[in-house]
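The structure under discussion appears below in the form of C-alpha cells.
Numbering (this note's numbering), first residue to last: 7 to 247.
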C-alpha cells in the first residue's frame, strides 16, 4: 500500500520537517490512477561513467532523461567535447542511455550573455572587467532542464532534480508515481510543492557505503506546482537552482 511504502523511508532529522513527514505518511493512502510519469532532470558536464550508472539504475522507472549538456568546462569556460551528445549520435552508448534521453547543449553563448558579471579592479577608481561564473552557468543548465520538462510533462507528472552522482532509489520513485504523499487536508502534492529526498554517500564504488547521510539530496517536484509558480512568477535560474 501507499502508506506502507512511505513508512519504509527514514524521517528527516529536523523536527519541523519530521512532523510534516509523519503527517504525510499517515495520510498517504490514495493511489493515483493512472500512475504519473517521472522525468529525470540532469545537469551534465563530463562524468560519463557516473551518468551511465545513474541512467542504468533509473531507466526502468522513469519516462525519460532530460539532460542539459555543457560544451564548455565549468571552471574555465573553455570548450570541451560533448561526450553524451556525441555518443548518442554515434550510437556507441548502451540502449538504456539512448532510448529515453533528450539532450539540450549549452555553451559559450550562454556563458557570454548570461554569466559574466562586472567586477571592479583596483578599487572604486580602477578599471572594470567581466568575469565568468561557473555557478551561474550550472544554474542556466538547471533552468533549461525545467523548460524541457514543462514542454513534455502531463499535469500530474513528477520531475526529479538531482546531480549526476545523486541517484534516487527506483522503488521510491515508483511509490511516488502511484501514491499521493500529501494528505487531502493539506492539498494534493502540487500544493505542497515537492519532496526532498535524503542521499547516502558511497566512495570507490556502490559496495562502499560510508554511512554518511546527506539530507538534501534529489528533489521531486509536481508538474502542477511548477506550472502554477511559473504563471505567478516565472522561474529564474537562481530560483530553480
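The beta carbon of each residue, even a glycine, is placed where N, CA and C say it ideally should be.
### Query
Starting from residue 46 and walking both ways along the beta strand (DSSP E), at which residues does that stretch end?
That run of the beta strand (DSSP E) goes 44 to 50.
### Cα-Cα separation, residue 225 to residue 97
Taken atom to atom, the span from the alpha-carbon of residue 225 to that of residue 97 is near 31 Å.
### Query
Helix or strand or just coil, what does DSSP make of residue 242?
In this structure, residue 242 counts as coil in the three-state DSSP scheme.
### Task
Determine the closest residue to residue 158 out of 144, 138, 230, 243, with distance taken between C-alpha atoms.
Taking each of 144, 138, 230, 243 in turn and checking the Cα distance to residue 158, the smallest one comes out for 230.
### Query
Starting from residue 71 and walking both ways along the beta strand (DSSP E), at which residues does that stretch end?
Note, residue 71: beta strand (DSSP E), 70 to 76.
### Message
Per DSSP, what are the beta-bridge partners of residue 225 in this structure?
### Response
DSSP output for residue 225 lists 167, 202 as bridge partner(s).
### Query
Whose C-alpha, out of 42, 228, 237, is nearest the C-alpha of residue 69?
The shortest C-alpha separation from residue 69 is found at 42.
### Query
Is it true that the CB of residue 149 sits closer than 7 Å to the CB of residue 243?
Cβ distance < 7 Å, so residue 243 and residue 149 count as in contact.
### Message
What does the Cβ neighbour count give for residue 107, buried or exposed, with the cut at 16 atoms within 10 Å?
### Response
Taking all protein chains shown into account, residue 107 has 16 or more neighbouring C-beta atoms within 10 Å of its C-beta and is therefore buried.
### Contact set for residue 109: own chain, Cβ-Cβ below 7 Å, skip 5 residues either direction
Taken in chain order, the residues that qualify are 73, 75, 90, 91, 94.
#### Entry: Spatial distance of residue 20 from residue 175 (CA atoms)
Roughly 22 Å between the two C-alpha positions.
### Task
Tell me, please, which residues DSSP counts as bridged to residue 108.
Beta-bridge pairing links residue 108 to 72.
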